[in-house]
Amino acid sequence: MAEFAPTLLFMAAQLGADAPGLSLYVDGTNGSDTNNGKDWAHAFQTIQAAITNQIANTTNLGDAIYIAPGSYAESLTGNLTRVSLIGVPGKYPWHIVSVRPTAGSAYHGTLFEALIKNICFLSSDTTNKTLPAVLLDNARYSIIEDCHFVGRDPTCIEGLQIGNTDAVATAANFDFCIIRRNRFDTWFGNASSFTHGIKVGRVAYDAGSSVKQMVGTSIEDNEVYALTYGIYIGVYCADYSVIRRNLVDSMESINGCTAVGIQVYGGYPVIADNRVNADNAITAPAAITNRVFWNCVTNTGTLPTPVMELPVCA
């Protein structure tokens, strides 16, 4: 059987930007987990095999895992440290990498100096269906970009969750990360949506704990469709962070998110240039009024801030 042939554009880019460390390859159609994974001709069959192999590599020079287009029925685990997890473009634009777990989240772990790019993460539609499409216990110095987070069951309530909601001490450490150019929605259109598109920390917010934090992180240029909260930052400290140029809306409600489009509980982030359709577009501490600007919203919410309100059609 012929091995996967990546596009010329990808190969040209790869020649100029090979990982300084270990490069591993995954091909769900032609690969085998008995291979060494070091080129397309000897690719692994599963993404998990590549992650396990990369974790065993202790050089930490900056590894890369390249994944051929296809549907991978996996629930990925293992902490990603100094590694890029990249879905490779196929011959046609609909040839994508999708991770479709049968139990739990498509990925659960922590990120440290990691990149995740060009992957569609779906929630489980069989077992543990309420878990987020992707659950990160913690993330630091990492990037998630050009990905799609999809709910496959009406009971899945989060697209991307950072912080284990059951553990106070690890409720969220989300530092110096970039979440950009991603889409968050479900298979159900106007019938069912995420409760939170992006959720950081716990819903039961504890302002008295400085353990939980989001520092120096950018959430930008995302499309977020959710019923209740679009972007929810339930941590004590969100300093030096930016939430900008996001589109937040709901496919389930014509009036947008029924609670808050962008909710920030603590700290001093910048919230700018977002487009928000929600009953309360932006809710944040009054102390950051001067850091909330040029947002185009349908309802200003509880924060008295300069905004450009969307026109209301008769």
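Counting the sequence shown from 1 gives a position; our numbering is that position plus 9.
Ideal Cβ positions, reconstructed from N, Cα and C, are used throughout, including at glycine.
Same chain, Cβ closer than 6 angstroms to I105, five either side skipped, listed in chain order | P78 and C129
Just grab the DSSP bridge partners of Q170 for me.
-> L144 and K208
Simplified DSSP assignment, three categories, for T195 | strand
Look at the alpha carbon of M260 and the alpha carbon of L236, and state the distance between them as a whole number of angstroms.
-> 8 angstroms
Where R253 and S262 are concerned, what is the direct C-alpha to C-alpha distance, given to the nearest angstrom?
-> 23 angstroms
First through last residue of the beta strand (DSSP E) which encompasses N304 = N304 to V306
When burial is assigned at 16 or more other CB atoms within 10 Å of the CB, is K100 buried or exposed?
-> exposed
Give the C-beta separation of I92 and A123 to the nearest angstrom, bearing in mind that I take them to be a contact with Cβ-Cβ under 8 angstroms.
-> Rather than Ile, the amino acid found at residue 92 in this sequence is Val. So it is a contact: roughly 6 angstroms between Cβ atoms.
Supposed contact pair D194 and V159 - C-beta distance, whole angstroms, cut 8 angstroms = 6 angstroms
Kindly give me the distance between the Cβ atoms of G265 and A247, rounded to whole angstroms, as I take these residues to be in contact under 8 angstroms.
-> Their Cβ separation, rounded to whole angstroms, is 22 angstroms, which puts G265 and A247 out of contact at 8 angstroms.
For I60, I'd like the list of residues in its chain whose CB is within less than 6 angstroms of its CB, leaving aside the five on either flank, ordered along the chain.
-> G87
Is H51 helix, strand or coil when you go by DSSP?
-> helix
Pick helix, strand or coil for T298, following the three-state DSSP scheme.
-> helix
Reference C305; option with closest CA among N182, F203, V273 and V257 = V257
I291 and G270 look like a contact to me (Cβ under 8 angstroms); what is the Cβ gap, rounded to whole Å?
-> 6 angstroms
Using the Cα positions of N308 and V285, report the straight-line distance between them to the nearest angstrom.
-> 8 angstroms
Provide the residue(s) that pair with Q272 in DSSP beta bridges, ordered along the chain.
-> Y241 and T292
Inter-residue Cα distance where the pair is E83 and V251 = 33 angstroms
List the endpoints of the continuous alpha helix (DSSP H) containing I56.
-> I56 to A65
Given that a residue counts as buried once 16 or more other Cβ atoms are within 10 Å of its Cβ, and exposed if not, what is A50?
-> exposed
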